[in-house]
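Okay, so here's the structure we're looking at.
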Amino acid sequence: MDLETVREVVLARDRADLAQLDAGSAVLAGGTFLFSEPHDHLDRLIDITALGWAPLRAHADGLEIAATCTLAELAGAAPGRELGSALLRPDWPGTALFAQACRALLASHKIWRTATVGGNVCLSLPAGAVLGALVALDATAVIWPRGGGERRIPLRDFVTGPGENILATGAVVRSFLVPTASLLARTSFRKIALAPLGRSGAVVMGRRTADGRCAITVTAATTRPVVLEFAAVPADFEVAAALAELEPDVWFDDPHGAPDWRAHVTALLAAEVAAELGEAA
Ligand SMILES: Cc1cc2nc3c(=O)[nH]c(=O)nc-3n(C[C@H](O)[C@H](O)[C@H](O)COP(=O)(O)OP(=O)(O)OC[C@H]3O[C@@H](n4cnc5c(N)ncnc54)[C@H](O)[C@@H]3O)c2cc1C
Numbered sequence: 001m002d003l004e005t006v007r008e009v010v011l012a013r014d015r016a017d018l019a020q021l022d023a024g025s026a027v028l029a030g031g032t033f034l035f036s037e038p039h040d041h042l043d044r045l046i047d048i049t050a051l052g053w054a055p056l057r058a059h060a061d062g063l064e065i066a067a068t069c070t071l072a073e074l075a076g077a078a079p080g081r082e083l084g085s086a087l088l089r090p091d092w093p094g095t096a097l098f099a100q101a102c103r104a105l106l107a108s109h110k111i112w113r114t115a116t117v118g119g120n121v122c123l124s125l126p127a128g129a130v131l132g133a134l135v136a137l138d139a140t141a142v143i144w145p146r147g148g149g150e151r152r153i154p155l156r157d158f159v160t161g162p163g164e165n166i167l168a169t170g171a172v173v174r175s176f177l178v179p180t181a182s183l184l185a186r187t188s189f190r191k192i193a194l195a196p197l198g199r200s201g202a203v204v205m206g207r208r209t210a211d212g213r214c215a216i217t218v219t220a221a222t223t224r225p226v227v228l229e230f231a232a233v234p235a236d237f238e239v240a241a242a243l244a245e246l247e248p249d250v251w252f253d254d255p256h257g258a259p260d261w262r263a264h265v266t267a268l269l270a271a272e273v274a275a276e277l278g279e280a281a
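Just so you know, the sequence shown maps onto residues 1 to 281 in UniProt numbering.
Printed below as a string of C-alpha cells:
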C-alpha cells in the first residue's frame with residue numbers, strides 16, 4: 001500500500017546515510033510489513049538493501065547472517081526448491097531450523113524473496129519464527145547504534161514483548177552471529193496452528209550441542225521467545241517443571257490461540273522435541 005505521509009525514501013549507500021534515522025523515519029528492508037499497513041508517524045524511509053552486505057558469511061567461529069539476508073536465502077530456496085533446503089550446508093545440521101522456521105511463517109515464496117531476517121527480528125512478533133530459530137541457535141545480534149560503534153547482545157534478550165524490543169531510535173541491526181557449536185548441533189522443530197495454513201499458535205525448537213547440553217526455545221505461544229536450558233536431554237517431568245515456572249502472563253493471547261491452549265500444546269510439543277533430541281544420532 002502507499003504510505004501517504006512518507007515524503008522521502010533514502011537509499012543508504014554507507015553507514016553515514018543511516019545517521020538520518022530519527023523518530024519520524026524507519027529502516028526499510030524488504031518492506032513486506034512496512035507497506036502492509038499505515039504508519040502515519042513516518043515521513044522518511046531509509047532503505048538498507050543497497051548497503052551491499054553479503055547475506056551469509058562463514059567465519060572460523062560460526063555463521064554471520066546479514067540483517068538484509070532474505071528468508072529465501074536463509075532457507076536455501078532456489079528454482080525447483082521453493083520450500084528451501086534441508087540444510088544450508090551438509091556439515092551444519094543445526095541449519096535445519098532455517099527452512100523449517102521460514103515455512104512456519106504464513107507467507108508465500110514472493111514474500112520469502114523480499115522479506116529479510118532483520119525485518120523479522122525487528123518486527124519482534126510472537127509469530128516471528130525466524131527470530132525464534134536464531135534464538136534457538138543462541139545467536140548474537142550485532143547492532144549499530146546511531147552515534148557510531150557497535151553493540152552485541154544475545155538475541156534472546158532482544159525482544160521485550162509482542163512487537164517490542166530493545167532497539168533505540170536510530171539504531172540498526174547489522175547482522176546475527178550463530179556460533180559453530182549451534183551450527184553443529186542436533187535440532188528438533190515442532191509447530192501447531194489452529195488451521196492447516198493458519199498463523200502459528202506454538203512453535204518449539206530444540207538444540208542439543210556436542211557437550212550434551214540442551215535448550216528448548218518456545219515462540220509463537222509466548223509474548224517473546226523463551227529459552228529453557230538443561231544440562232542434558234531433559235525428561236518429560238523436567239520439561240513440564242521448567243514450563244510451570246514461567247510467569248502466567250508469558251502465554252500470548254490473540255485470535256490464533258488462547259493462552260491456556262497455547263500452554264497446553266507447548267508442553268506436548270516440548271516433550272516431543274526433548275524426545276527427539278534424545279534419540280540416538
Ligand atoms: C503475507 C504475509 C505473511 C506474514 N507472515 C508473518 C509471520 O507469520 N510471522 C511474522 O513474524 N511476520 C510475518 N509477516 C510480516 C513480515 O513480512 C515478516 O516479519 C518479514 O520478515 C519482515 O521483513 P521485512 O524485511 O519485509 O521488514 P520491513 O517491512 O522492511 O521492516 C519491518 C520492521 O523492522 C524494521 N527493520 C527492518 N530491518 C531492520 C534493521 N536491520 N534494523 C532495524 N530495524 C529494522 C523496520 O523499520 C520495520 O519496523 C508476514 C507478512 C506478510 C505480508
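The beta-carbon is built from N, C-alpha and C at its ideal position, and this holds for glycine as well.
> Does the distance from the CB of A67 to the CB of A29 come in under 8 Å?
Replying inline: Locating residue 67 in the sequence shown gives position 67, counting from the first residue. Locating residue 29 in the sequence shown gives position 29, counting from the first residue. It is a contact, given that the beta carbons lie within the stated cut-off.
> What does DSSP give as the partner residues of V117 in its beta bridges?
Replying inline: For the purposes of this step, residue 117 is identified with residue 117 of the sequence shown, where counting begins at 1. Paired residues: none, contrary to the question.
>> Just to confirm the assignment, what range does the beta strand (DSSP E) spanning V233 have?
In response: One-based indexing of the sequence shown puts residue 233 at position 233. V233 -> no beta strand (DSSP E), and no H or E assigned at all.
> For the candidate residues G24, A75, V173 and D17, whose alpha-carbon lies nearest to that of R113?
Replying inline: As a first step, residue 113 is located in the sequence shown; it is residue number 113 there, counting from the start. Among G24, A75, V173 and D17, the Cα nearest to that of R113 belongs to A75.
> Taking C-alpha atoms, which residue in P234, F230, T223 and V233 lies nearest to D249?
Replying inline: Working through the sequence shown from its first residue, we reach residue 249 at position 249. Cα-wise, what sits closest to D249 is T223.
>> Let's see if you can read the secondary structure: which residues bound the alpha helix (DSSP H) around V135?
In response: The residue you call residue 135 lines up with position 135 of the sequence shown. First-last of the alpha helix (DSSP H) with V135: A129 to A136.
> Taking three-plus beta-carbon pairs below 8 Å as touching, is the stretch 230-242 in contact with the stretch 135-152?
Replying inline: no
> On the premise that A274 lies in contact with V233, defined as a C-beta separation below 8 Å, what is that separation, rounded to the nearest angstrom?
Replying inline: Stepping through the sequence shown from its first residue, residue 233 is reached at position 233. Stepping through the sequence shown from its first residue, residue 274 is reached at position 274. Indeed, because the Cβ distance is near 6 Å, the residues count as touching under 8 Å.
> Is there at least one non-hydrogen atom of ligand 1 closer than 7 Å to the beta-carbon of S36?
Replying inline: The count along the sequence shown starts at 1 and reaches residue 36 at position 36. For ligand 1, at least one heavy atom lies less than 7 Å from the Cβ of S36.
> If you run the structure through DSSP and keep just helix, strand and coil, what is I48?
Replying inline: In the sequence shown, the residue the question calls residue 48 occupies position 48. Coil.
> Any heavy atom of ligand 1 within a distance shorter than 7 Å of the CB on G52?
Replying inline: In the sequence shown, residue 52 corresponds to position 52, counting from 1. G52 Cβ: outside cutoff for every heavy atom of ligand 1.
> Whose CA, out of L268, P259, A60 and D253, lies closest to the CA of M205?
Replying inline: Within the sequence shown, residue 205 is the residue found at index 205, counting from 1. Considering only alpha carbons, the answer is L268.
>> Could you check if F33 belongs to the surroundings of ligand 1, using beta carbon to heavy atom distance under 7 Å?
In response: Translated into the one-based positions of the sequence shown, residue 33 becomes position 33. At least one heavy atom of ligand 1 is nearer than 7 Å to the Cβ of F33, so yes.
>> Going residue by residue through the stretch 58-129, where are the continuous beta strand (DSSP E) segments of at least 3 residues, counting only ones entirely within it?
In response: 62-66
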